[in-house]
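Number of protein chains: 2
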Amino acid sequence: MNAPHDLPGLAQRLGLTREPLPASRKAYVTGSRPDLRVPQRDIQLTNGELVSVYDTSGPYTDPEADIDVRRGLPSVRAGWIAERGDSEVYAGRQRQAMDDGGKARDGEHIAAIREQAAGLQRQPRRAKAGANVSQMHYARRGIVTPEMEYVALRENGRREWMAEYLTDAERERRRRGNPMGAHIPDLITPEFVRDEVARGRAIIPANINHPEVEPMAIGRNFRVKINANIGNSAVTSSIEEEVDKLVWAIRWGADNVMDLSTGRDIHTTRDWILRNSPVPIGTVPIYQALEKVGGIAEDLTWEIFRDTLIEQAEQGVDYFTIHAGVRLPFVPMTVNRRTGIVSRGGSIMAKWCIAHHRESFLYEHFEDICEIMKAYDVAFSLGDGLRPGCASDANDEAQFAELRTLGELTQIAWKHDVQTMIEGPGHVPMHMIQANMDEQLKHCHEAPFYTLGPLTIDIAPGYDHIASAIGAAMIGWMGTAMLCYVTPKEHLGLPDREDVKQGIIAYKIAAHAADVAKGHPAARARDDAISKARFEFRWTDQFNLGLDPDTAREFHDETLPKDASKVAHFCSMCGPKFCSMKITQEVRDYAAAQQQADAGMAQKSAEFKAAGGELYIPIAKG
Amino acid sequence: MNAPHDLPGLAQRLGLTREPLPASRKAYVTGSRPDLRVPQRDIQLTNGELVSVYDTSGPYTDPEADIDVRRGLPSVRAGWIAERGDSEVYAGRQRQAMDDGGKARDGEHIAAIREQAAGLQRQPRRAKAGANVSQMHYARRGIVTPEMEYVALRENGRREWMAEYLTDAERERRRRGNPMGAHIPDLITPEFVRDEVARGRAIIPANINHPEVEPMAIGRNFRVKINANIGNSAVTSSIEEEVDKLVWAIRWGADNVMDLSTGRDIHTTRDWILRNSPVPIGTVPIYQALEKVGGIAEDLTWEIFRDTLIEQAEQGVDYFTIHAGVRLPFVPMTVNRRTGIVSRGGSIMAKWCIAHHRESFLYEHFEDICEIMKAYDVAFSLGDGLRPGCASDANDEAQFAELRTLGELTQIAWKHDVQTMIEGPGHVPMHMIQANMDEQLKHCHEAPFYTLGPLTIDIAPGYDHIASAIGAAMIGWMGTAMLCYVTPKEHLGLPDREDVKQGIIAYKIAAHAADVAKGHPAARARDDAISKARFEFRWTDQFNLGLDPDTAREFHDETLPKDASKVAHFCSMCGPKFCSMKITQEVRDYAAAQQQADAGMAQKSAEFKAAGGELYIPIAKG
């Protein structure tokens, strides 16, 4: 850790996270063309069954993949992008010294870190003059892209493993959710994906300069996704740590990663992350723009910001958080708040607005921004710069004024066929969450909602991943498409590797709870599989079907360390003598025997049995 | 740890948890009589303010308290119980060898452990012939007991510290919750407590043989409470560890503790726990009864069970989980479940019923049980022996058949003026939680609901405290009065000290989130205080106002270890150069300056300002 650019050290650490998860094997489902191969994670159970789950971990967990972080990942989409014929390779923007930090920098240092990223340089691609390369543009023209087909196959998962569950009764049991207005079909078709993207109800973040991305969708009619933030800062962290965090984050299930770097080496860090990321990468370009003007918000200009957008679009960033809803008239609405403006981007723009007595340049240049977005297919993540920073500021005038503006901007973005999602709070007590979803749906026309938590209380520093997972699960159920994680370090410090994992697992729980509540067809099958394993004392399967097999096994070993316990028909809670699950089996045997004995009494009406008048006869559940 | 009865070792470990929480001081609010002293925890802030919070930690965190675990805690209620004149000391049940485990035991071992508990023996007390000593009985006769006044003072907290918040506007902001049918007054009076207890909507678990207890209430119109389970088992753990866990659990906020011991030394463990516990202790008597019959469920008899109830009532257990709703006709309803019967007590009774072809002896002897309960004021916790063990079994016929029976039993208990609460699940996906609360309210007549989680998904072994905190927060908001914690070790092993803490903090989060959502008058004040500290960069106050100051400080130190950072006006997220909270202060200064400048323009209408047409004028929030 003391040698910030120690590549062998990094490779070694990356090597640690290249092992597949326990009992898991990377499998690929091939689509309508041979170069369309969708990854799944197949979990081999001890009873011979196979369970297949959504896999975000990319080639890193494929032992056959040849990974070299200095060369970057192989391309998934380069052929698809090229064959569309609507984009071209070009020279690209001239690199500048300030790209890696605004201050006068040690030239030698910059040269050294850039050299390490030399193998990751690609010539950028952009739309030909007059063309629009966004997935939304294709969708609206009726074109089903390979990206859309990829998403469809990925969302469906491997349906064979669910075959035994897919009797009508089982499907009914699993599906009796409350979709809260979502409409998730049993089978996701490429055409369905196209339709959702065309309507703006889903986005596929996929910059044409990020061909390494494994396409995924964010929308209320797909699985709820999660985002993990990484990024260096002025105070701590190094490039290697950030790439390592990326690989670690996707291993545990991050569907998207945002690079929120604010400190030195910001451009080069992004090269490393993008070229090595199979998941979409989002950024907040104003952070880098601020670095370029030495951290002085009022020195920001549209020109510097525009240049930064192009710089990052050329590198392949898949979505930009743009705080264009922080309008000048809204800034004074925050004055009486308990915690004012807590969004970094929001406060930068607020400061700029009041310093210049002017409307935000992001708002005024919004159509200019759209022109850039559609030339690379960068999606908008319209930032909630005025989100509440505590319970007492939730759902206030400033927050909702901004949200309505984001709805207006969505309409403008859609006019340009630019993919758009909307960021949401933040800090919201449970009883005020539904209003956030309602207002968003109402004003933002079902553009995907992407919330940070929300945190339901303010008094849990050190545990805000839990305080916010509660709100995240609820708002996910209500229709939020992606949940931005919160780590245990929130409000306290920068997350390390373990914090990243803790945040991700908490958010996988929230997202899965939302999918189950919505009645997503594939979600409950995994719960049912693990519950069956639990009931049958298949301990190893129980660990491996969980979100974190390593921790589950470790916890079990703390109480019953012997290998024999993994097949023991008892657990540490009750001990070998008495076991409630064992007794249930006896109840079943008993009931079965009674049923046989009572076969001659079949004339008795079912109603009489159901009333409990007759004992020991198993009553089938509805 | 290797010397299971090493008293100095225990004392040393207990000594570790006797320190007050950081910046905290134990304070007592005196009621209408000098022996009625209600503990509070006063947190001294760095800005001179004092914040006072509900305190479950008992005398352990009072440096002036003289603690000797071999003598037990001083009595809180002995005088109140004696002066009522309706109970008497008596010889009590004869102690039996099998009380500490049913098997042939090492007599020397039993003698040794009992000797250690010798200083904890008390002569039991019970109601005089024909008398009823339950708080519900007094309440229904219009008597406000000292216990009720104690509860009122405790629930209110120290209202002075909230004085500055108690302007009408602030109260309104804090209180704009959605009570979901609760009716929580601004000021809890002793008469209000009496009324709630009389109606059965709240209970005060307080066995007359547990005079050490600091009275507390469980009811939907009071703060949401949490319960922590401890207990030895056949496989692991020792007495000392259990007492240590008790002190540790109440330090972090457990309002109640259940002793779920199932292994050896079960009677003596209970002596230790009860005599050293300032919080109500609950048990599941069938566990001990089963030990007495060598673990063979079908050998259980009413006589052995009855004897066990008396044994435990004499020791001072405050509430009994009784699975009297597991009726013979309901057992076959579980046959087609994915995970059958997962409650230990439920499966014991199911096995007994099918083995004997008979209705449960708990159900048939329910009125006999009531006679015991009212002689000591033991409260019922009517167990949900048929609760679902996985999402796919949630809200099924078996579960709700039992719930309706618990409602019938509640009416019988209330006929005897026996305090009663109802246990609930378990494993319930989010969209099925409301139905649990609705059914419980409907069939159980607002008797307090006491749920285990519920867990919203099944795939999070190792993180079930999080998966269940989501469900717990939601059902707490809906009206559940007490939340039984789940630790990270759920489904995997027995919780250790750290697991107990993790489970408790997760549940303090859930309970507080519920209180905030319900609009509890005292809840949001703490959030507001910590948010203010956060905004003003009072780091130390932010740590100390949180649920776990130690962890918050530790996390902060990992990134910014220097003491100077505790007063720094920046945090590790943005660094010293740029800080969104600092910018907010600039926005305020700016707005204030603009307001002065614009003072001459006062003729402009407020409506015009609110519309955002005029800039820089702070708009007061509604």
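These protein sequence lines are chains A and B, in that order. Using UniProt numbering, you'd call the opening residue of the first sequence number 1 and step up by one each time. Using UniProt numbering, you'd call the opening residue of the second sequence number 1 and step up by one each time. Quick reminder that beta carbons are idealized off the backbone N, C-alpha and C, glycines included. From a predicted model like this one, the values you see are computed outputs, not experimental measurements.
| Asked | Found |
| --- | --- |
| Does the CB of B/K442 have a neighbour CB from chain A at under 7 Å? | no |
| For A/E586, go through chain B and note every residue whose CB falls closer than 7 Å to its CB, in chain order. | K351 |
| In angstroms, rounded to a whole number, what distance separates the CA positions of B/E19 and B/G253? | 15 Å |
| Along the chain, where does the beta strand (DSSP E) containing A/Y60 start, and where does it finish? | Taken as a continuous stretch (DSSP letters only), A/Y60 belongs to no beta strand (DSSP E), as it is neither H nor E. |
| With a threshold of 7 Å between beta carbons, is A/M601 in contact with chain B? | Unreliable placement is indicated for A/M601, whose pLDDT of 49 sits below 50; the coordinate value is still reported in the next sentence. No, A/M601 does not count as interfacial toward chain B. |
| Kindly list, in the order they appear in chain B, the residues whose Cβ is closer than 7 Å to that of A/H491. | R534 |
| Cβ atoms of A/A228 and A/Y54: under 7 Å apart, would you say? | no |
| With a 10 Å radius around its C-beta and 16 neighbouring C-beta atoms as the bar for buried, classify A/E359 as buried or exposed. | exposed |
| Looking only at its chain, what residues have a beta carbon closer than 7 Å to the beta carbon of A/N207, apart from the 5 residues adjacent to it on each side? | A313, G316, V317, D318, Y376, D377 and V378 |
| By the 10 Å Cβ neighbour count, where 16 or more other Cβ atoms means buried, how is A/I226 classified, buried or exposed? | buried |
| Roughly how many whole angstroms lie between the Cα atoms of B/L403 and A/V326? | 52 Å |
| When you check each C-beta in the region 325-336 of chain A against every C-beta of chain B, which residues fall closer than 8 Å? | R327, L328, P329, F330, V331, P332, M333, T334, V335 and N336 |
| So with Cβ pairs under 7 Å, would you call B/R114 a contact of chain A? | no |
| Tell me the rounded alpha-carbon separation between B/L452 and B/H427. | 8 Å |
| So within the region 438-490 of chain A, which uninterrupted alpha helix (DSSP H) runs reach at least 4 residues, ignoring any that extend past its ends? | 464-478 |
| Quick check: what's the CA-CA separation for A/S468 versus A/T456? | 6 Å |
| Using a Cβ-Cβ cutoff of 7 Å, what residues of the region 440-466 of chain A are near chain B? List them in chain order. | T456, I457, D458, I459, A460, P461, G462, Y463 and I466 |
| Indicate whether A/T262 and A/Y287 have their beta-carbon atoms separated by less than 7 Å. | yes |
| Going along the chain, which residues of the region 543-559 of chain B sit with their C-beta nearer than 9 Å to a C-beta in chain A? | F543, L545, G546, L547, D548, P549, D550, T551, A552, R553, E554, F555, H556, D557, E558 and T559 |
| Give a yes or no on whether the minimum CB-CB distance between B/D527 and chain A is below 7 Å. | yes |
| Identify the contact partners of B/G340 in chain A, using a Cβ-Cβ distance below 9 Å as the criterion. | F535, S580, M581, I583, T584, Q585, V587 and R588 |
| At a cut-off of 6 Å, would you count A/G219 as near the ligand SAM, judging by its Cβ distance to the nearest heavy atom? | The ligand SAM is absent from the structure shown, which contains no ligand whatsoever. |
| Hey, would you say B/V284 sits closer than 7 Å to B/G345, going by beta carbons? | yes |
| Please identify the residue among B/I204, B/N221, B/M333 and B/A91 whose C-alpha is closest to the C-alpha of B/G519. | B/N221 |
| Shorter than 7 Å from the beta carbon of B/I354 to some beta carbon of chain A? | yes |
| Between the alpha carbons of A/P488 and A/P179, how many angstroms are there, rounded? | 30 Å |
| Considering only DSSP beta bridges, list what A/M421 is partnered with. | A/S381 |
| Tell me, to the nearest whole angstrom, how far the beta carbon of A/V29 is from that of A/R141; I am working on the premise that it is less than 8 Å. | About 27 Å; that fails the 8 Å criterion. |
| Flag this pair as touching only if the region 356-374 of chain A and the region 112-120 of chain A have three or more C-beta atom pairs under 8 Å; answer yes or no. | no |
| When DSSP labels each residue in this structure, what does B/S87 get in the three-state scheme? | strand |
| Exposed or buried, what is A/R95 when buried is set at 16 or more other beta-carbons lying within 10 Å of its beta-carbon? | exposed |
| Compare the C-beta of B/P63 with all C-beta atoms of chain A and state if any pair is closer than 7 Å. | no |
| Using a C-beta to C-beta distance shorter than 7 Å, which residues of chain B count as neighbours of A/A469? | I466 and I470 |
| Among A/E83, A/G471, A/A65 and A/S134, which one has its Cα closest to the Cα of residue 656 of chain A? | Coverage of chain A is limited to positions 1 through 622, which leaves residue 656 of chain A absent and any answer about it impossible. |
| Would you say A/M430 reaches chain B, if we count a Cβ-Cβ gap shorter than 7 Å as a contact? | yes |
| Rounding to the nearest angstrom, what Cα-Cα distance links B/T17 and B/D195 in this structure? | 37 Å |
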